[in-house]
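Numbering (the UniProt record's numbering), first residue to last: 1 to 429. Every residue gets a Cβ at the ideal spot worked out from N, C-alpha and C, and that includes glycine.
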């Protein structure tokens, strides 16, 4: 009987690895049936309305679809809370009441604004034109939702989009680690961590964060490929990711461009030369830094000052801050935010410990690529710094920073297992 060739063993190994990747993704997707509804946020209805409009719905039709989805989600959440309420768990379900009140309130606002003539734009008038303009500048996520919503309806279409985006993020984590020559078990650990840590939970929420995570991982994949000699493919992935981020949340494209450019500078300084792949990534990143604000201005997207007014006026429901006080008030809030954020993290330091472990693993095991992982994670910190609101549930704005432990901790595991293997060999001798 002929012994299997090296090529045959490699193919079987690759097939087995792919099977594990698909198994992890399928297992994660299966668990998500536990929460088909109940994940919507107030912003979700804006994205759903946008997606329905892209599918050809009129203003009232897109409003109806978005309202039913959002109010159904609130009703499901209220019912789940009632079932475990120590006082009301035997009482009547609040779902119908909550859904009814939600629908009446939202339709009242929509009807008032439609009567006032606010019917332009791709999003139903749930809020002022000024506030909705922020979401109109983010067509990327509604474009992903639109075909699935058209095929499966709003509830299942939004859920399926979330599952596909979140599952893809885990697969991308695997691909990034394999691109830097991490063993398959280590790469599978990264995929599993993506699903287990807040990345997976946040990516399942029907908002932009799942897409931001996936695109950031795609950019890191491109950096890894460029570092390993596949410069053209790497540059295409990084450039495509930055362009995709612009359509989803253009400030994040700017943040990633700045951070990747910084990583290129650090690598060049440490190596005392600018290698071709570093130069190529630096050019793409610098292009994003220059072109993102220029294109945003050309498209008349809301400026940074408008974002600050939105933050400090509770979504434009309060009078605008005076222009000469806008930045001082923001910086004062920024300082207070990070003091409180740090206090909360120290009382439960899992996040800080995960960041430290991830940084250690990435920079010690892959000293060059580790700087790019750190750069990607820093975009989450910048995103949070741009919106220092301590009331936002789940730390979703800083969620991209969790990519540091997702990619770094498996590499730390690789280091530990390699050291243990060396110790076993010495002991055996």
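When secondary structure is reduced to three states using DSSP, residue 198 falls in the helix class.
The beta carbon of residue 180 sits closer than 6 Å to those of 224, 366, 369, all from its chain and outside the five residues before and after it, given in chain order.
Counting of Cβ neighbours within 10 angstroms places residue 250 among the buried residues, the total reaching 16 or more. Around the beta-carbon of residue 353, fewer than 16 other beta-carbon atoms lie within 10 Å, marking it exposed. The beta carbons of residue 400 and residue 212 sit about 6 Å from each other, so the pair counts as a contact at 8 Å. DSSP places residue 47 inside the alpha helix (DSSP H), whose first and last residues are 44–54.
Here residue 189 is near residue 410, since their CB atoms are less than 8 Å apart. Fully contained in the stretch 110–136 is no beta strand (DSSP E) run of length 3 or more.
Taking all protein chains shown into account, residue 104 has fewer than 16 neighbouring C-beta atoms within 10 Å of its C-beta and is therefore exposed.
Collapsing the DSSP output to three states places residue 94 in coil. When C-alpha distances from residue 50 are compared across 62, 41, 40, the shortest belongs to 62. Restricting attention to alpha helix (DSSP H) runs no shorter than 4 residues, the stretch 205–257 encloses them at 209–227, ordered along the chain. Contact between the stretch 83–95 and the stretch 105–115 is absent: fewer than three C-beta pairs spanning the two stretches fall below 8 Å. Shown here, residue 21 sits in a helix according to DSSP, grouped into three states. Residue 275 sits in coil when the DSSP states are folded into three classes, being neither helix nor strand. The alpha-carbon of residue 234 is positioned some 9 Å away from that of residue 218. By the CB criterion at 8 Å, residue 277 and residue 335 fall outside the cutoff. In the structure shown, residue 85 adopts coil according to DSSP, grouped into three states. For residue 241, the CB contacts under 8 Å within the same chain, skipping 5 residues up- and downstream, are 215, 216, 218, 219, 222, 256 in chain order. Ranked by Cα distance from residue 36, the first of 69, 43, 15, 25 is 69. Within the stretch 258–315, the complete alpha helix (DSSP H) runs of at least 4 residues fall at 276–298, 304–312. Pairing residue 107 with residue 67 gives a Cβ-Cβ distance under 8 Å. The beta carbon of residue 378 sits closer than 7 Å to those of 259, all from its chain and outside the five residues before and after it, given in chain order. The beta carbons of residue 72 and residue 99 sit closer together than 8 Å.
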